[in-house]
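Residue numbering for the sequence shown follows UniProt numbering, starting at 1 and increasing by one per position.
Glycine is no exception: its CB is placed at the ideal position from the N, C-alpha and C atoms.
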Amino acid sequence: MNQPVNLLSQHFEDRKARILGEQSSAHFSLFLPLVFRDDEWHLLFQVRSNNVKQPGEVCFPGGRVDPGDTSYQAAASRELQEELGLEPEHTALLGELDIMVTPFQFMIHPFIGIIHNESVISPNPGEVAEIFTVPVSELMTMAPKEHPIRLDVRPEKGFPYHLIPNGEDYNWRTGYIKELFYEYDGRIIWGLTARVLAHAIDELSQIT
1 MNQPVNLLSQ HFEDRKARIL GEQSSAHFSL FLPLVFRDDE WHLLFQVRSN
51 NVKQPGEVCF PGGRVDPGDT SYQAAASREL QEELGLEPEH TALLGELDIM
101 VTPFQFMIHP FIGIIHNESV ISPNPGEVAE IFTVPVSELM TMAPKEHPIR
151 LDVRPEKGFP YHLIPNGEDY NWRTGYIKEL FYEYDGRIIW GLTARVLAHA
201 IDELSQIT
């Protein structure tokens, strides 16, 4: 009896918990760039060009993690180079923010760092229409508007209702996503970008 118990104990003692569904999810890395301008820190944003999905939306540099990326951090650095023309020596990574898990099997890995010199930024017109910055001090005083989005369950055709209690009358749970909307100088920051931004501002607010 001791041997089977020992095998079980050893397996679970050595096991590190992961996020269930992590391997089957699509992973994206972001880089939140800080620039020092006019004696204070600014966060840099970019507007997506008409050549990419969701054109005209405000976002941070970033994108899907490629099989060739050695880490989520490496993916963020690659996207920064592809979108803003910034080589590793032009930036300094400060650290990783919290991972976001979405209802759509996406996992977002945000990193925050510094751009040493704005003059070396060279946006890729194929992906970036324009860039702009917002003072961190102003972001800290903003109260984003909140609007909920309801998520409903709608099984696809052929779903085996006969295998679950109450069949087609099953009482599915519904959920809500709290969408945040920041407005600055006529620009709207919302969606995943706004949620990551809110988290980043919360972290930056703790620095005295």
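- Per the DSSP secondary-structure output, Arg154 pairs with nothing in a beta bridge.
- For Ser29, the enclosing beta strand (DSSP E) covers residues 26-37.
- Check the Cα spacing between Pro144 and each of Val136, Trp190, Lys157: the tightest is with Trp190.
- Its Cα nearest to that of Val35, the residue Gly113 stands out among Leu97, Leu84, Gly113.
- The C-alpha of Tyr170 lies about 11 Å from the C-alpha of Leu163.
- Lys178 has Pro148 as its beta-bridge partners, per DSSP.
- If you look at Gln46, you'll find it in the beta strand (DSSP E) that goes 40-48.
- Apart from the 5 residues on each side of it in sequence, Pro148 sits with its Cβ closer than 8 Å to the Cβ of Tyr176, Ile177, Lys178, Glu179 in its chain, given in chain order.
- By alpha-carbon distance to His116, the top candidate from Leu197, Leu44, Ala200 is Leu44.
- Taking every protein chain shown into account, the CB of Arg173 has fewer than 16 other CB atoms within 10 angstroms, so this residue is exposed.
- Around the Cβ of Arg195, a 10 Å sphere holds 16 or more other Cβ atoms; the residue is buried.
- The alpha carbon of Gly56 has as its nearest neighbour, out of Leu192, Gln46, Gly63, Arg64, the alpha carbon of Gln46.
- Here DSSP, grouped into helix, strand and coil, assigns Thr70 to coil.
- Here DSSP, grouped into helix, strand and coil, assigns Phe132 to strand.
- Each residue's CA atom was taken as its position, placing Phe159 and Ala75 some 37 Å apart.
- Taking 8 Å as the cut-off, the Cβ atoms of Glu40 and Val136 count as close.
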